[in-house]
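If you read the sequences in order, they're chains R and A.
Okay, so the first sequence: first residue is 141 according to the working numbering, each after it adds one.
Okay, so the second sequence: first residue is 141 according to the working numbering, each after it adds one.
Protein chains: 2
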Amino acid sequence: MEKFQYDYPHPALTVDCVTFGFDGGEMKILLVKRGIDPFLEKWALPGGFVNIDEDLESCASRVLEKECGIKEVYQEQLYTFGKVGRDPRERVVSVSYMALVRTDDYALLVGNLELSVQWFPISEVKDLAFDHEEILKVALKRLRGKIRYQPVGFELLNEKFTMPELQTLYETILGKSLDRRNFYKKILATELLIKTNEKKSGGAHKAANYYQFDHNKYQELTESGINLEF
Amino acid sequence: MEKFQYDYPHPALTVDCVTFGFDGGEMKILLVKRGIDPFLEKWALPGGFVNIDEDLESCASRVLEKECGIKEVYQEQLYTFGKVGRDPRERVVSVSYMALVRTDDYALLVGNLELSVQWFPISEVKDLAFDHEEILKVALKRLRGKIRYQPVGFELLNEKFTMPELQTLYETILGKSLDRRNFYKKILATELLIKTNEKKSGGAHKAANYYQFDHNKYQELTESGINLEF
DNA sequence: CCAAAAGTGTTTATAGTACACCCATGC
DNA sequence: GCATGGGTGTACTATAAACACTTTTGG
């Protein structure tokens with residue numbers, strides 16, 4: 141095997157992805173079961189070594205696609221974990237990313253994943269490999285913080301979604317119930333939702349209206365430097 | 141020279157520090173003039189390669205102490221920059237840190253720095269090496285965002301400071317003037333300041349009272365899980 | 001017609017903003 | 001005694017929180 145030489149030792153560099161999914165109930169994250177030591181058979185965040193000619197974001201995308209079959213999702217960098225000894229093999233520094241998967245894509249994946257790749261309700265996650273529980277904590281904190289002032293929730297729903305769906309998502313992420321009327325008011329006040337003519341039928345009750353997120357308007361607003369409170 | 145070998149190529153890993161200082165006027169950052177290629181003679185953020193047995197935070201501390209003579213300052217991780225090609229020599233991924241230097245320490249350093257290490261008013265910073273201007277932008281954004289809800293401003297002042305000093309700092313960071321009465325109200329409402337009996341004399345005007353930040357109380361509050369709006 | 005969830009306004013409380021005068025100090 | 005910046009309270013405005021009834025739908 142070819143060898144790569146350096147004048148001084150280089151830590152290994154990996155990317156680990158905290159991938160959130162939402163199906164209307166609890167928040168889920170995607171874990172992979174390790175097939176090799178260390179932490180053989182333990183569940184871990186999907187991750188991999190950064191290729192030498194690959195951007196960090198590209199690495200995160202590649203890992204999600206290769207390991208989990210997930211393409212083109214929202215992702216953002218979280219934090220870089222580099223404590224000496226966090227990997228028992230060698231010095232490994234890990235750049236963590238958070239990814240958000242839409243409900244439809246989540247549903248698609250549920251049945252198609254291998255046994256070694258599975259969704260877990262956040263409340264049931266325990267005993268992960270490496271320092272991955274710590275990474276998950278950081279991701280959860282980021283998601284909770286971010287949803288208050290940036291319209292990131294839409295990345296977890298489908299293109300078209302109802303107000304009750306959106307509210308349930310917010311309640312799940314924030315861990316508290318919200319007043320329906322105040323929620324409508326706050327969300328509609330942003331004027332970032334487009335009301336469609338479609339309705340979600342099913343169930344012995346009034347059909348909920350579908351809304352769409354106005355990506356264009358949001359982009360205009362962010363580009364004009366206005367900082368949105370959402 | 142000894143060589144270090146790996147089965148696959150490893151990117152180099154560095155830490156770069158955005159170091160803010162405040163002397164009552166403009167915000168300053170600390171830059172070093174590069175003595176080697178690439179970007180020879182250009183100003184750059186203090187930085188260095190991460191040792192194999194060294195935590196990232198320790199590396200940031202070491203860089204600041206070795207290159208700039210700065211010890212024991214507030215520091216936090218910002219973001220990791222890893223674009224392919226950001227360093228023309230080889231693949232280098234850089235974990236950036238923000239450090240805050242107290243006014244007294246800032247003053248001490250001003251005269252003692254070498255010519256190749258200097259403070260620059262933020263408005264005059266231009267044409268930095270690598271992608272360091274981008275890193276600075278991220279740091280400024282973080283500082284502006286953070287000061288609104290976390291008591292991080294104290295790290296830039298002395299142990300004892302006056303309200304007008306604190307207000308000037310806030311105004312400088314936020315880039316807008318604040319109403320004095322509202323500022324007092326907001327700051328004192330947090331009950332995180334201890335009013336000392338000392339006063340800052342000098343100048344043909346009423347002497348300003350010195351305050352201290354109540355670290356203990358802040359720690360209690362953060363530990364009890366209350367999220368502070370500051 | 002009944003159960004179940006969707007949709008909608010008004011009132012109250014809280015937080016933020018605007019604004020002006022007196023006070024201590026050094027020269 | 002006057003110029004300079006320090007210290008303080010109140011009224012107004014905007015935002016957030018509390019709260020209950022009507023509407024649509026399927027069975």
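Ideal Cβ positions, reconstructed from N, Cα and C, are used throughout, including at glycine.
Checklist entry - How about Lys152 (chain R) and Glu216 (chain R): do their beta carbons lie closer than 7 Å? => result The sequence given here has Ala at residue 152 (chain R), not Lys. The beta carbons of Ala152 (chain R) and Glu216 (chain R) sit no closer together than 7 Å.
Next on the checklist: Could you tell me the alpha carbon to alpha carbon distance between Val224 (chain A) and Ile334 (chain A), rounded to whole angstroms?
Outcome noted: 49 Å
Item to check | Residues bridged to Lys168 (chain R) [DSSP beta-bridge criterion] | outcome: Lys168 (chain R) is bridged to R:Gly161, R:Pro261.
Item to check | Residue from A:Glu311, A:Leu318, A:Arg284, A:Glu264 whose Cα sits closest to the Cα of Lys168 (chain A) | outcome: A:Glu264
Next on the checklist: Give me the residue from R:Thr336, R:Thr308, R:Leu306, R:Asp271 with the minimum Cα distance to Gly222 (chain R).
Outcome noted: Distance from the Cα of Gly222 (chain R) is smallest, within the candidate group R:Thr336, R:Thr308, R:Leu306, R:Asp271, for R:Asp271.
Next on the checklist: Below 8 Å, how does it come out for the stretch 190 to 198 of chain R and the stretch 240 to 260 of chain R: are there three or more Cβ pairs, yes or no?
Outcome noted: no
Item to check | Start and end residues, beta strand (DSSP E) containing Glu338 (chain R) | outcome: 333 to 340
Item to check | Residue-chain proximity (Gly222 (chain A), chain R), Cβ-Cβ < 7 Å | outcome: Chain R contact via Cβ: present.
Checklist entry - Counting along the chain, where does the alpha helix (DSSP H) carrying Thr362 (chain A) start and finish? => result 355 to 363
Item to check | Touch test, the stretch 290 to 302 of chain R against the stretch 350 to 366 of chain R, Cβ-Cβ under 8 Å, three pairs minimum | outcome: Three or more beta-carbon pairs drawn from the stretch 290 to 302 of chain R and the stretch 350 to 366 of chain R are found closer than 8 Å, and the two stretches are therefore classed as touching.
Next on the checklist: Looking at the strands, I want to know which residues DSSP matches up with Phe270 (chain A).
Outcome noted: In DSSP, Phe270 (chain A) forms no bridge with anything.
Checklist entry - Given that Ala152 (chain A) touches chain R, what residues does it touch there, using C-beta distances under 7 Å? => result Around Ala152 (chain A), the beta-carbon contacts reaching into chain R at under 7 Å are His150.
Next on the checklist: Can you check whether the C-beta of Arg226 (chain A) is within less than 7 Å of a C-beta belonging to chain R?
Outcome noted: no
Item to check | Among R:Ile287, R:Ala348, R:Asn322, R:Arg321, nearest to Leu309 (chain R) - alpha-carbon criterion | outcome: That would be R:Ile287, whose Cα lies nearest to the Cα of Leu309 (chain R).
Checklist entry - Is the distance from the Cβ of Leu185 (chain R) to the Cβ of Asp147 (chain R) below 7 Å? => result no
Item to check | Residues bridged to Lys346 (chain A) [DSSP beta-bridge criterion] | outcome: Note: Lys346 (chain A) sits in no beta bridge, so no partner.
Item to check | Pairwise C-alpha distance: Ala239 (chain A) and Pro178 (chain A) | outcome: 25 Å
Checklist entry - For Leu253 (chain R), which of R:Ile210, R:Glu274, R:Lys277, R:Val278 has the nearest alpha-carbon? => result R:Ile210
Checklist entry - Within 7 Å (strictly less), CB to CB, does Tyr237 (chain A) reach chain R? => result no
Next on the checklist: I want to see whether chain A comes within less than 7 Å of Phe144 (chain R), judged by CB atoms only; does it?
Outcome noted: Taking Cβ atoms only, chain A reaches closer than 7 Å to Phe144 (chain R), which makes this a yes.
Checklist entry - Is Ile262 (chain R) close to chain A, meaning its C-beta is less than 7 Å from at least one C-beta of that chain? => result No, Ile262 (chain R) lies away from the interface with chain A (no Cβ there is under 7 Å from its Cβ).
Checklist entry - Three-state secondary structure (DSSP) at Phe221 (chain R)? => result In this structure, Phe221 (chain R) counts as strand in the three-state DSSP scheme.
Next on the checklist: Just checking Glu181 (chain R) against the ligand FAD - is the residue's beta carbon closer than 6 Å to any of the ligand's heavy atoms?
Outcome noted: With respect to small molecules bound, the structure shown includes none, and the ligand FAD cannot be examined in it.
Checklist entry - Are the Cβ atoms of Val278 (chain R) and Tyr324 (chain R) separated by less than 7 Å? => result If you check the CB distance, Val278 (chain R) and Tyr324 (chain R) do not come in under 7 Å.
Item to check | Uninterrupted beta strand (DSSP E) stretches inside the stretch 175 to 260 of chain R (no shorter than 3 residues) | outcome: 187 to 189, 214 to 221, 232 to 241
Next on the checklist: Alpha carbons only, please: which of A:Lys346, A:Ile313, A:Leu306 is nearest the one belonging to Leu328 (chain A)?
Outcome noted: A:Leu306
Checklist entry - Closest to Leu255 (chain A) by CA distance: which of A:Lys281, A:Val172, A:Leu248, A:Val213 is it? => result A:Val172
Next on the checklist: Determine, for Asp271 (chain A), whether the minimum Cβ-Cβ distance to residues of chain R falls below 7 Å.
Outcome noted: no
Item to check | Status (buried if at least 16 other CB within 10 Å, exposed otherwise) for Ala347 (chain A) | outcome: exposed
Checklist entry - Using a Cβ-Cβ distance under 7 Å, would Asp177 (chain A) count as near chain R? => result no
Next on the checklist: Quick check: what's the CA-CA separation for Arg174 (chain A) versus Gly161 (chain A)?
Outcome noted: 21 Å
Next on the checklist: If you reduce the DSSP assignment to three classes, tell me which class Lys316 (chain A) lands in.
Outcome noted: coil
Item to check | Best match in R:Leu249, R:Tyr237, R:Thr330 for proximity to Gly187 (chain R) [C-alpha to C-alpha] | outcome: R:Tyr237
Item to check | Helix, strand or coil at Tyr310 (chain A) according to DSSP, with G and I counted as helix | outcome: Of the three classes helix, strand and coil, the one that applies to Tyr310 (chain A) here is helix, per DSSP.
Checklist entry - Is Phe144 (chain R) buried or exposed, if buried means 16 or more other CB atoms sit within 10 Å of its CB? => result exposed
Checklist entry - Looking at the C-beta of Asp193 (chain A), does it have a partner C-beta in chain R at a distance below 7 Å? => result Yes, Asp193 (chain A) lies at the interface with chain R (some Cβ there is under 7 Å from its Cβ).
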